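Enquirer: Let me begin by handing over the structure; questions about it come next.
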Amino acid sequence: MADLRSDFVGIRSPNPFWLASAPPTDKEVNVRRAFAAGWGGVVWKTLGLDPHIVNVNGPRYGAIWGADRRLLGLNNIELITDRPLDVNLREIKAVKRDWPDRAMVVSLMVPCDEESWRSILPLVEETGADGVELNFGCPHGMSERGMGSAVGQVPEYIEMVARWCKAATRMPVIVKLTPNITDIRQPAGAAKAGGADAVSLINTVSSITSVNLDNFSPEPSIDGKGSHGGYCGPAVKPIALNMVAEIARDPATRGLPISGIGGVTTWRDAAEFMALGSGTVQVCTAAMTYGFRIVEELVAGLATWMDEKGHADLDDFRGRAVPNITDWQYLNLNYVAKARIDQSLCIHCGRCYAACEDTSHQAIAMKPGRVFEVKDDECVACNLCVNVCPVEDCISMVELAPGEIDARTGKVVSPDYANWTSHPNNPAAKAAE
Amino acid sequence: MAPSPQTPGIVAGRLTEDALRENFADIAPPLTAHEALVAADRCYFCYDAPCTEACPTSIDVPLFIRQIQSGQPEASARTILSQNILGGMCARVCPTETLCEEACVREAAEGKPVEIGRLQRFATDAAMGRAQPFRRAAPTGRRIAVVGAGPAGLACAHRLALLGNEVTLFDARPKPGGLNEFGIAAYKSVDNFAQAEVDWLLDVGGITLRCGERLGETVSLETLRAGHDAVFLGIGLSGVRALGLTPAGARIRPAVEFIAEVRQADDLGGVPVGRRVVVIGGGMTAIDAGVQAKKLGADEVTIAYRRGREKMSASSYEQELAATEGVRILTDSVPVGVKLNGTGSLVEFARPDGETFTLHADEVLTAIGQTLGATPEALALSGGKIAVTGAGRTSLPGVWAGGDCAEGGDDLTVTAVAEGRDAALDIHASFGDAGLSGS
Ligand SMILES: Cc1cc2nc3c(=O)[nH]c(=O)nc-3n(C[C@H](O)[C@H](O)[C@H](O)COP(=O)(O)OP(=O)(O)OC[C@H]3O[C@@H](n4cnc5c(N)ncnc54)[C@H](O)[C@@H]3O)c2cc1C
Ligand SMILES: Cc1cc2nc3c(=O)[nH]c(=O)nc-3n(C[C@H](O)[C@H](O)[C@H](O)COP(=O)(O)O)c2cc1C
Ligand code: SF4
Chain A
1 MADLRSDFVG
11 IRSPNPFWLA
21 SAPPTDKEVN
31 VRRAFAAGWG
41 GVVWKTLGLD
51 PHIVNVNGPR
61 YGAIWGADRR
71 LLGLNNIELI
81 TDRPLDVNLR
91 EIKAVKRDWP
101 DRAMVVSLMV
111 PCDEESWRSI
121 LPLVEETGAD
131 GVELNFGCPH
141 GMSERGMGSA
151 VGQVPEYIEM
161 VARWCKAATR
171 MPVIVKLTPN
181 ITDIRQPAGA
191 AKAGGADAVS
201 LINTVSSITS
211 VNLDNFSPEP
221 SIDGKGSHGG
231 YCGPAVKPIA
241 LNMVAEIARD
251 PATRGLPISG
261 IGGVTTWRDA
271 AEFMALGSGT
281 VQVCTAAMTY
291 GFRIVEELVA
301 GLATWMDEKG
311 HADLDDFRGR
321 AVPNITDWQY
331 LNLNYVAKAR
341 IDQSLCIHCG
351 RCYAACEDTS
361 HQAIAMKPGR
371 VFEVKDDECV
381 ACNLCVNVCP
391 VEDCISMVEL
401 APGEIDARTG
411 KVVSPDYANW
421 TSHPNNPAAK
431 AAE
Chain B
1001 MAPSPQTPGI
1011 VAGRLTEDAL
1021 RENFADIAPP
1031 LTAHEALVAA
1041 DRCYFCYDAP
1051 CTEACPTSID
1061 VPLFIRQIQS
1071 GQPEASARTI
1081 LSQNILGGMC
1091 ARVCPTETLC
1101 EEACVREAAE
1111 GKPVEIGRLQ
1121 RFATDAAMGR
1131 AQPFRRAAPT
1141 GRRIAVVGAG
1151 PAGLACAHRL
1161 ALLGNEVTLF
1171 DARPKPGGLN
1181 EFGIAAYKSV
1191 DNFAQAEVDW
1201 LLDVGGITLR
1211 CGERLGETVS
1221 LETLRAGHDA
1231 VFLGIGLSGV
1241 RALGLTPAGA
1251 RIRPAVEFIA
1261 EVRQADDLGG
1271 VPVGRRVVVI
1281 GGGMTAIDAG
1291 VQAKKLGADE
1301 VTIAYRRGRE
1311 KMSASSYEQE
1321 LAATEGVRIL
1331 TDSVPVGVKL
1341 NGTGSLVEFA
1351 RPDGETFTLH
1361 ADEVLTAIGQ
1371 TLGATPEALA
1381 LSGGKIAVTG
1391 AGRTSLPGVW
1401 AGGDCAEGGD
1411 DLTVTAVAEG
1421 RDAALDIHAS
1431 FGDAGLSGS
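Protein sequence lines, in the order shown, are assigned to chains A and B. By the count of our numbering, the first sequence reaches residue 433 at its end, each step adding exactly one. By the count of our numbering, the second sequence reaches residue 1439 at its end, each step adding exactly one.
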């Protein structure tokens, strides 16, 4: 049986599934129930200085749905905890005392001056918490007050605050990054330079989920007005995976521990984050959508997959996908594939035909009887037909073996690797060896 | 003592009011808004969609389903109604299992097609409460007589009126609707939907309805031709094939008559039905008669069909419905004689191997086919129906025909609508540009 125990910058948990800092971790009552349900750890809902902030008294969430109202994306305009600091600290201490084997990380957001950070850290330390997470991510509300993503968008501030914190506490310091920037490697590098033990990402993506077409207010609407919120849930996973991968493979940040966040909904999502280098994953929207019990599926699913693949523990596969992420210019241009339609699986809907004919390379023929066939002399292997086909595995990309002829170009497929850097059409090409 | 299913003879009120209400409730209740979204989400928006191809009126199914997905059932209804003005009735009565839903790629893939019929009902229901979504074109000055206010005549009249023509719609019966009103099983069209749909349709304007006018009796084809620019005949099949075995006094009657009685009853508790009912036939009418007899409280209902099950024109869906309702279907059973027996009769059947058997019947309903009623002699016939070429052109210039009375077609509501609509387009086109300036 796979060993799911995790040791993330010295913070131990029985499994790598943590609840992200958000409403699920806002109170003692939730967190106790989360631990009872099996979560490996929590990042407590972000604490701030007193007087505590207030939230709007109208709707905080907006959403995007797929079929059967499956929630695909959630948007929120909630701020950090709206309860007094001492109440939170007391509760954190009580829970940690009763659940010593679970990871208890406390998220923090205070004004961007050294005194504020230095003064809050000992209070957290006193609870027995395992670590802190600096919330430089919240993109709404707090950022207008010079906190959250207002700090996270300026690498120099990140480095500065990380350094203050490292100097003021013995606890591991995790810096939570905002995705609302152009190059995630900059803030990650700054966190590392400031001495942070790890980064966690992503926080939410600035967003407006919808506009009410009756009164022209954005949703969620507070008295006819709305402000942008933070987007999370399954819809943001691809953005998060890319950012995690960027940090994992950049020479400047390679090896920096990462807690992966963003759209983790099933064990598979978690395994993907970990394959890209995440030591733990954090979950918010999936828990908010389905409740705490999903952790049972996460734990069982990851263990089942690890057993199937023969991964004894998390280190066995963590980061295994990282070496396979490269720049476009290094992709093998001599790799040639063609779409193949398995006629026995085809249900004749013609979606591949419409997509290819209208928007791609006119490489699918529609024959009498609604039979769809790939024209090898037109197919560029773009994969669109595979993506729009409603039947799994009906269309696949089949690699042409070296020596075969690509009917589109008339060229023999070469066994050699060759990329753009040496391509004749590249004005900056270096002569191939 | 109140009558029960076991009360001998033919009596009314075999079931309580509650039981009748439950038995005759909507057989396929409308989808809720959420159910409709879930059902609509299953559509793949097929290229050159096979469902549309399979629809006799060529409704753009993937488009109307997409419009439900995007939250506009009224726009969806417009897509449906622009092809099929009786899209509401068709959503209820079409044997979708042999039309669009049979063609749906998800039927092939998982044996579970997109619920096109129910989605169509969801969309058209949204339109029914509202005004006609269509506006008439400028007047052409042309006048057309449409005879028969069944699906064929109604679709023809509506399309002609839309195109700016003036239509007079004649029907022999006191009410319009044809078999929508008198034939379709009661549990497929509840809450007087047929009438509501006709009223909604006529709202388009330009159609004068004249009920109680029978072609060949109160009006002649010659007068109609003389007084109109064109004539369309959608007179359905008003005759019935007889069994030819009926001894005097036996309670044998056409199934369509029984069904019409059920449809027109204000109080189903007042419709008499036999304790033991034998229905002879193997089509939709036989099933409808058998099922409705059972639902009225008949104790034993048997449908006897002369050939094998595979030859029955009732779809497997209909056959299953009969089975679920507790109606027995006997195949390879040819009726060879009827004898009086007390208040009922004994019907004798022969099997292909020569074996014979008898069934007791308080009431025998025959559903062995409808036939064309009296038609003007001048019209050429073919195979017992009015001969037509192209979009319903008869042998007489200026006279078109469509629906059940015309040659070809499937004798379905939806084909009648398609033929009525196409004849209207052909009639309108036959006027040429001259018609547009008025006459
Ligand atoms: C019992 C039964 C159940 C059925 N169930 C279904 C079903 O579930 N689904 C389905 O798709 N189809 C069903 N059908 C078939 C469907 O009802 C017909 O195909 C359809 O109604 C044909 O339309 P129509 O306009 O041609 O004829 P009709 O609906 O028969 O209308 C003809 C009209 O012409 C009038 N008329 C007749 N003669 C004259 C005259 N001389 N002068 C003036 N008016 C005249 C009649 O009064 C009638 O109103 C069923 C048929 C029957 C009998
Ligand atoms: C309602 C709500 C409130 C949140 N509040 C905080 C917060 O106080 N501090 C924080 O660091 N992140 C906060 N987040 C962000 C989440 O911790 C997490 O980074 C984000 O939702 C992405 O993960 P997910 O896709 O699993 O939801 C909040 C998210 C939501 C939905
Ligand atoms: S065949 Fe089925 S899936 Fe395809 S468009 Fe029609 S309803 Fe949709």
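A virtual CB, placed ideally from N, CA and C, is assigned to each residue, including glycine. If you're wondering where the values come from, they're calculated on a predicted model, not measured in any experiment.
#1: Under DSSP, the alpha helix (DSSP H) around S119 of chain A begins and ends at which residues?
#2: Would the segment 32–41 of chain A count as touching the segment 280–295 of chain A if we require 3 or more Cβ pairs under 8 Å?
#3: Given that a residue counts as buried once 16 or more other Cβ atoms are within 10 Å of its Cβ, and exposed if not, what is L213 of chain A?
#4: Taking the straight line between their C-alpha atoms, what separation do you get for L1436 of chain B and S1430 of chain B?
#5: Check whether the Cβ of P1005 of chain B lies closer than 8 Å to any Cβ atom in chain A.
#6: For chain B, find out if any of its Cβ atoms is closer than 8 Å to the Cβ of G350 of chain A; answer yes or no.
#7: Counting only the same chain and skipping the five closest in sequence on each side, list residues whose C-beta sits under 7 Å from that of F1122 of chain B.
#8: Select from the segment 1041–1058 of chain B all residues with a C-beta closer than 9 Å to any C-beta belonging to chain A, and list them in chain order.
#9: According to the neighbour-count rule (16 or more other Cβ atoms, all chains shown, within 10 Å of its Cβ), is K1385 of chain B buried or exposed?
#10: In this structure, does DSSP put P1005 of chain B in helix, strand or coil?
#11: Keeping to the same chain, check which residues put their C-beta closer than 8 Å to that of K1112 of chain B; ignore five residues upstream and five downstream.
#12: Inspect the CB distances between the segment 9–23 of chain A and the segment 129–138 of chain A and report whether three or more fall short of 8 Å.
#13: Counting pairs of beta carbons, one from the segment 1346–1363 of chain B and one from the segment 1272–1291 of chain B, are three or more of them closer than 8 Å?
#14: Which of the three DSSP states, helix, strand or coil, is assigned to D1404 of chain B?
#15: Please compile the residues from chain B whose C-beta is within a distance smaller than 7 Å of the C-beta of V106 of chain A.
#16: Determine, for A1033 of chain B, whether the minimum Cβ-Cβ distance to residues of chain A falls below 8 Å.
#17: If we count the other Cβ atoms within 10 Å of its Cβ and call it buried at 16 or more, is D1404 of chain B buried or exposed?
#18: Using a C-beta cutoff of 8 Å, does D68 of chain A count as contacting chain B?
#19: So, is F216 of chain A buried or exposed, given that buried needs 16 or more other C-beta atoms within 10 angstroms?
#20: Tell me, which residues are paired with W18 of chain A by DSSP?
#21: Between the alpha carbons of E1363 of chain B and I1303 of chain B, how many angstroms are there, rounded?
#22: On the three-state DSSP scale, how would you describe Y1044 of chain B?
#23: Along the segment 1107–1122 of chain B, where does the CB come closer than 8 Å to a CB of chain A? Name the residues.
#24: I'd like to confirm something about P23 of chain A: is its beta-carbon nearer than 7 Å to some heavy atom of ligand 2, or not?
#25: Give me the Cβ distance between F273 of chain A and V244 of chain A, rounded to the nearest whole Å; I'm assuming they're in contact under 8 Å.
#26: Give a single yes or no on whether E78 of chain A has its beta carbon closer than 7 Å to a heavy atom of ligand 2.
#27: Three or more beta-carbon pairs under 8 Å between the segment 1388–1405 of chain B and the segment 1168–1177 of chain B, yes or no?
#28: Span of the alpha helix (DSSP H) holding R384 of chain A?
#29: Taking M104 of chain A as part of the beta strand (DSSP E), name the residues at either end of that continuous run.
#30: For the beta strand (DSSP E) that contains M366 of chain A, what are its first and last residues?
#31: Going by the C-beta, is F1122 of chain B closer than 7 Å to any heavy atom of ligand 4?
#32: What span of residues does the alpha helix (DSSP H) with V87 of chain A cover, start to end?
#33: For the segment 1282–1344 of chain B, which segments carrying the beta strand (DSSP E) assignment without a break, of at least 3 residues, lie completely within its bounds, in sequence order?
#34: If you drop the 5 nearest sequence neighbours on each side, which residues of the same chain put their C-beta closer than 8 Å to that of I181 of chain A?
#35: With three or more C-beta pairs closer than 8 Å as the rule, is the segment 241–258 of chain A touching the segment 223–233 of chain A?
#36: Just to confirm, does C1055 of chain B get its C-beta within under 7 Å of one of the non-hydrogen atoms of ligand 1?
Expert: Taking the structure as given:
#1: Here residue 119 of chain A corresponds to residue number 119 of the first sequence, with the count starting at 1. Residues 114–125.
#2: yes
#3: Along the first sequence, read from residue 1 onward, the residue named residue 213 of chain A stands at position 213. Exposed, since its Cβ has fewer than 16 Cβ neighbours within 10 Å.
#4: Locating residue 1436 of chain B in the second sequence gives position 436, counting from the first residue. Locating residue 1430 of chain B in the second sequence gives position 430, counting from the first residue. Because the pLDDT at L1436 of chain B is just 45, under 50, the model does not fix this residue reliably, and the point stays unresolved.
#5: For this step, residue 1005 of chain B is matched to residue 5 along the second sequence. For P1005 of chain B, the answer is no, since every Cβ of chain A falls outside 8 Å of its Cβ.
#6: By 1-based counting over the first sequence, the position of residue 350 of chain A is 350. True, the Cβ-Cβ gap to chain B drops below 8 Å.
#7: For the purposes of this step, residue 1122 of chain B is taken as residue 122 along the second sequence, with counting starting at 1. Closer than 7 Å at Cβ, skipping near neighbours: P1030, L1031, A1036, I1068, P1073.
#8: D1041, R1042, Y1044, F1045, C1046, Y1047, D1048, A1049, P1050
#9: As a working mapping, residue 1385 of chain B is identified with position 385 in the second sequence. Flag for K1385 of chain B reads buried.
#10: For the purposes of this step, residue 1005 of chain B is taken as the residue at position 5 of the second sequence. The answer is coil: DSSP assigns P1005 of chain B none of H, G, I, E or B.
#11: Position 112 of the second sequence, counting from 1, holds the residue named residue 1112 of chain B. R1106, listed in sequence order.
#12: yes
#13: yes
#14: Position 404 of the second sequence holds residue 1404 of chain B. Here D1404 of chain B sits in helix by DSSP.
#15: Taking the first residue of the first sequence as 1, we reach residue 106 of chain A at position 106. Near V106 of chain A there are no residues of chain B at all, since even the closest Cβ is about 41 Å away, more than 7 Å.
#16: Position 33 of the second sequence holds residue 1033 of chain B. Cβ-Cβ to chain A under 8 Å: no for A1033 of chain B.
#17: Residue 1404 of chain B sits at position 404 when you count from the first residue of the second sequence. With 16 or more other Cβ atoms within 10 Å, it is buried.
#18: The residue given as residue 68 of chain A occupies position 68 in the first sequence. At least one chain B Cβ lies under 8 Å of D68 of chain A.
#19: Taking the first residue of the first sequence as position 1, residue 216 of chain A is located at position 216. It is exposed - the Cβ of F216 of chain A has fewer than 16 other Cβ atoms within 10 Å.
#20: Here residue 18 of chain A is taken as the residue at index 18 of the first sequence, counted from 1. BP columns for W18 of chain A point to A:G41, A:Q282.
#21: Reading the second sequence from its first residue, position 363 is the one you call residue 1363 of chain B. Reading the second sequence from its first residue, position 303 is the one you call residue 1303 of chain B. For E1363 of chain B and I1303 of chain B, the distance between alpha carbons rounds to 12 Å.
#22: As a position in the second sequence, residue 1044 of chain B is number 44, starting the count at 1. Reduced to three states, the DSSP call for Y1044 of chain B is coil.
#23: A1108, A1109
#24: Position 23 of the first sequence holds residue 23 of chain A. P23 of chain A: yes, Cβ under 7 Å from ligand 2.
#25: Taking the first sequence and counting its residues from 1, one reaches residue 273 of chain A at position 273. Taking the first sequence and counting its residues from 1, one reaches residue 244 of chain A at position 244. With a Cβ gap of about 6 Å, F273 of chain A and V244 of chain A count as contacting.
#26: To locate residue 78 of chain A, count along the first sequence from 1; it is residue 78. Yes - ligand 2 has a heavy atom lying nearer than 7 Å to the Cβ of E78 of chain A.
#27: no
#28: Along the first sequence, one-based indexing puts residue 384 of chain A at 384. In the sequence as presented, Arg is not what sits at residue 384 of chain A; that position holds Leu. 384–388 is the span of the alpha helix (DSSP H), which, as asked, contains L384 of chain A.
#29: As a position in the first sequence, residue 104 of chain A is number 104, starting the count at 1. Start and end: 103–108.
#30: On the first sequence, residue 366 of chain A is found 366 positions in, with the first residue counted as 1. Taken as a continuous stretch (DSSP letters only), the beta strand (DSSP E) holding M366 of chain A covers 364–367.
#31: The ligand content of the structure shown is limited to ligand 1, ligand 2 and ligand 3, which means ligand 4 is not among them.
#32: What you label residue 87 of chain A is simply residue 87 of the first sequence in a count that begins at 1. Here the alpha helix (DSSP H) through V87 of chain A covers 85–98.
#33: 1300–1304, 1328–1330, 1334–1341
#34: As a position in the first sequence, residue 181 of chain A is number 181, starting the count at 1. Cβ neighbours of I181 of chain A beyond the five flanking positions: G152, Q153, P187.
#35: no
#36: The sequence position of residue 1055 of chain B within the second sequence is 55, counting from 1. For ligand 1, not one heavy atom lies less than 7 Å from the Cβ of C1055 of chain B.
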